[in-house]
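Taking the numbering used here as reference, the numbering of the sequence shown is continuous, increasing by one, and the terminal residue is 533. Virtual Cβ for every residue (Gly too), placed ideally from N, Cα, C.
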Amino acid sequence: MVTRIVATWYKFGQDDGHPEPNFSSWTKNTTGLLYYGSNEPPYAIVNKHVEARGDHATLARKIAAEAIAMLKNEDVLPLQKPMKVGVYGSDAGPGDGPNACPDRGCNQGTLAVGWGSGATDFEYLITPLEAIEKQVGTYGGQVSSVLNNTKLDEIKADAKKQDICLAFVNADAGEGYISWQDVNGDRPNLKTQLGGDDLISAVAEACKATVVVVHSVGPIIMEDWVRSHKVDGILWAHLPGQESGNSLVDVLWGAVNPSGKLPYTIGKSLEDYGPTAGVLYESNGNPPQQDFTEGLLIDYRYFDKKDITPRYEFGFGMSYTTFEFSDLNIVRTGSMEPLPKPRPAPEGGNPALWEIVYTITHTLKNTGKVAGAEVSQLYVNYGSKDTVKFPERVLRGFEKVFLEPGESKTVTFKLTRRDLSYWDVTKQNWVIPSGGLGVCIGQSSRKFHLRGNLRYGY
Numbered sequence: 076m077v078t079r080i081v082a083t084w085y086k087f088g089q090d091d092g093h094p095e096p097n098f099s100s101w102t103k104n105t106t107g108l109l110y111y112g113s114n115e116p117p118y119a120i121v122n123k124h125v126e127a128r129g130d131h132a133t134l135a136r137k138i139a140a141e142a143i144a145m146l147k148n149e150d151v152l153p154l155q156k157p158m159k160v161g162v163y164g165s166d167a168g169p170g171d172g173p174n175a176c177p178d179r180g181c182n183q184g185t186l187a188v189g190w191g192s193g194a195t196d197f198e199y200l201i202t203p204l205e206a207i208e209k210q211v212g213t214y215g216g217q218v219s220s221v222l223n224n225t226k227l228d229e230i231k232a233d234a235k236k237q238d239i240c241l242a243f244v245n246a247d248a249g250e251g252y253i254s255w256q257d258v259n260g261d262r263p264n265l266k267t268q269l270g271g272d273d274l275i276s277a278v279a280e281a282c283k284a285t286v287v288v289v290h291s292v293g294p295i296i297m298e299d300w301v302r303s304h305k306v307d308g309i310l311w312a313h314l315p316g317q318e319s320g321n322s323l324v325d326v327l328w329g330a331v332n333p334s335g336k337l338p339y340t341i342g343k344s345l346e347d348y349g350p351t352a353g354v355l356y357e358s359n360g361n362p363p364q365q366d367f368t369e370g371l372l373i374d375y376r377y378f379d380k381k382d383i384t385p386r387y388e389f390g391f392g393m394s395y396t397t398f399e400f401s402d403l404n405i406v407r408t409g410s411m412e413p414l415p416k417p418r419p420a421p422e423g424g425n426p427a428l429w430e431i432v433y434t435i436t437h438t439l440k441n442t443g444k445v446a447g448a449e450v451s452q453l454y455v456n457y458g459s460k461d462t463v464k465f466p467e468r469v470l471r472g473f474e475k476v477f478l479e480p481g482e483s484k485t486v487t488f489k490l491t492r493r494d495l496s497y498w499d500v501t502k503q504n505w506v507i508p509s510g511g512l513g514v515c516i517g518q519s520s521r522k523f524h525l526r527g528n529l530r531y532g533y
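And the structure:
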């Protein structure tokens with residue numbers, strides 16, 4: 076038996092009159108073992124079936140829509156009530172149902188979550204096809220669909236008849252105790268699954284206009300089709316959860332202006348990610364030695380340091396409107412001594428690390444014709460003379476701001492001593508590097524509009 080540390084339980088008075096748990100994560104039955112795993116009584120009511128959802132569906136839809144990153148748009152989005160809409164790919168449909176596989180451990184139907192021990196059952200899942208059919212039906216249009224990825228000839232024949240085609244592809248993964256096809260937990264490659272690349276090529280070859288929708292646990296290599304003039308749009312919908320279809324329709328038809336950004340870099344090849352990217356193995360086999368020689372140079376930091384041009388950089392995401400960045404102002408508000416003040420006690424963290432040393436502001440304006448949100452991103456540049464292998468720049472702040480057409484707002488970032496420091500293994504302390512620091516503010520890790528220097532001047 077595991078002995079639990081209950082100091083926090085007592086600290087917050089949860090031992091005295093605190094409400095008991097009203098649900099069990101182990102069973103859906105009303106009654107069961109009070110202490111699961113003991114195989115001994117007492118038996119009791121473990122699920123009170125309390126309705127706690129409220130307006131969670133509305134929030135889930137909003138979050139999923141705001142997360143969608145538009146990667147490509149050749150004047151095809153938002154859609155303007157096309158009368159004939161083609162939907163292709165198993166990722167658009169219900170498959171065998173959202174809860175068909177234990178712990179969501181397979182890739183069938185639309186991909187809304189990954190798999191693993193933290194998985195829960197869907198109460199419901201709105202598929203893209205279901206939501207698209209409902210949307211197109213509101214103005215009398217027609218939806219045609221082929222959800223079998225292998226029926227490429229049928230897909231081509233159907234796509235020729237449509238005004239707009241939506242091709243759905245995905246890539247799934249999860250914990251290593253579950254295997255699906257050649258995916259033993261982690262993905263063995265960065266390709267689309269279930270023949271996704273062939274599906275896209277078939278649709279794009281036949282259709283007047285094609286938008287690709289990607290549901291994925293991480294980056295995929297898309298060089299086979301991303302540059303094609305026949306692929307007019309790409310929406311990166313991540314893992315959207317139960318409101319998958321509704322959130323996608325909101326962005327496709329323009330009810331929501333896309334404002335999501337990529338949380339990772341999409342390279343042009345596996346090799347772009349560095350020498351350790353090829354360390355792929357069966358997760359239930361003997362793991363290889365990984366020495367983490369990349370240090371701080373992970374994801375966009377590696378691409379920047381090695382001057383590798385990605386397909387889509389970290390932080391990238393387009394909008395239906397445009398934005399202007401201006402009026403950078405940098406104010407020092409704290410000490411820039413190399414070392415922080417000594418911590419006040421022998422144990423615990425040092426509060427001096429959270430002292431705000433710079434307040435940085437700029438103006439963000441919506442210069443387009445529709446309302447939308449932009450994520451202002453602040454990166455710190457290192458011009459260090461120290462021996463540490465610093466990245467070219469590191470994300471140290473971001474803020475999503477919603478603006479009506481023509482509206483401006485001030486965006487504020489507060490940088491702490493910790494934001495500007497690194498851990499010195501010799502001094503055993505957080506140190507502000509020598510050689511000067513700078514800031515870049517913009518729309519991604521490679522698209523900057525404002526630059527400035529951080530004055531040391533102790």
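- By the Cβ neighbour-count rule, residue 117 is exposed, with fewer than 16 other Cβ atoms within 10 Å of its own.
- The stretch 229-300 is shown to contain whole beta strand (DSSP E) runs of 3 or more residues at 239-246 and 285-291, in chain order.
- Counting the other CB atoms within 10 Å of its CB gives residue 104 a total below 16, which places it among the exposed residues.
- With a 10 Å radius around the Cβ and a threshold of 16 neighbouring Cβ atoms, residue 213 comes out exposed.
- Contact check between the stretch 491-508 and the stretch 425-438: three or more CB pairs, one atom from each, fall below 8 Å, which counts as touching.
- Contact check between the stretch 218-225 and the stretch 329-342: fewer than three CB pairs, one atom from each, fall below 8 Å, which does not count as touching.
- A check of alpha carbon separations from residue 455 across 275, 479 and 519 identifies 519 as the nearest.
- Distance from the Cα of residue 333 is smallest, within the candidate group 383, 303 and 478, for 478.
- Residue range 82-86 is occupied by the alpha helix (DSSP H) that includes residue 83, with no beta strand (DSSP E) assigned at that position.
- Using a Cβ distance threshold of 8 Å, residue 382 and residue 290 do not count as a contacting pair.
- The alpha helix (DSSP H) runs of length 4 or more contained entirely in the stretch 185-237 are, from start to end of the chain, 203-212 and 227-234.
- By the Cβ neighbour-count rule, residue 147 is buried, with 16 or more other Cβ atoms within 10 Å of its own.
- With respect to the C-alpha of residue 450, the residue from 378, 439 and 435 having the closest C-alpha is 439.
- Membership of residue 474 in any alpha helix (DSSP H) is not indicated; the residue belongs instead to the beta strand (DSSP E) covering 468-478.
- When the beta-carbon positions are compared, residue 318 and residue 139 come within less than 8 Å of each other.
- Per DSSP, the unbroken beta strand (DSSP E) holding residue 144 starts and ends at 144-148.
- For residue 156, no alpha helix (DSSP H) encloses it, and the DSSP letter there is neither H nor E.
- A Cβ-Cβ separation of about 5 Å places residue 284 in contact with residue 151 under the 8 Å criterion.
- For residue 242, the CB contacts under 8 Å within the same chain, skipping 5 residues up- and downstream, are 163, 164, 274, 275, 278, 279, 285, 286, 287 and 288 in chain order.
- Listed in chain order, the non-local C-beta contacts of residue 307 below 7 Å within the same chain comprise 149, 151, 284, 285 and 286, local neighbours out to five positions each way being set aside.
- Residue 453 sits in a strand when the DSSP states are folded into three classes.
- Scanning the stretch 318-360 for uninterrupted alpha helix (DSSP H) segments of 4 residues or longer gives 319-327, listed from N- to C-terminal end.
- Close CB contacts of residue 484 within its chain, under the 7 Å cut and outside five residues either way in sequence, are with 439, 476 and 478 (chain order).
- In this structure, residue 268 lies near residue 182, with their beta-carbon atoms less than 8 Å apart.
- Taking all protein chains shown into account, residue 237 has 16 or more neighbouring C-beta atoms within 10 Å of its C-beta and is therefore buried.
- Looking at the DSSP output, residue 504 bridges to 499.
- The beta carbon of residue 387 sits closer than 7 Å to the beta carbons of 146, 337 and 341 from its chain, once the five residues preceding and following it are set aside; these are given in chain order.
- Using a Cβ distance threshold of 8 Å, residue 178 and residue 190 count as a contacting pair.
- When C-alpha distances from residue 397 are compared across 310, 417, 447 and 373, the shortest belongs to 447.
- By the Cβ-count criterion, residue 393 is buried, with 16 or more other Cβ atoms from all chains shown falling within 10 Å of its own Cβ.
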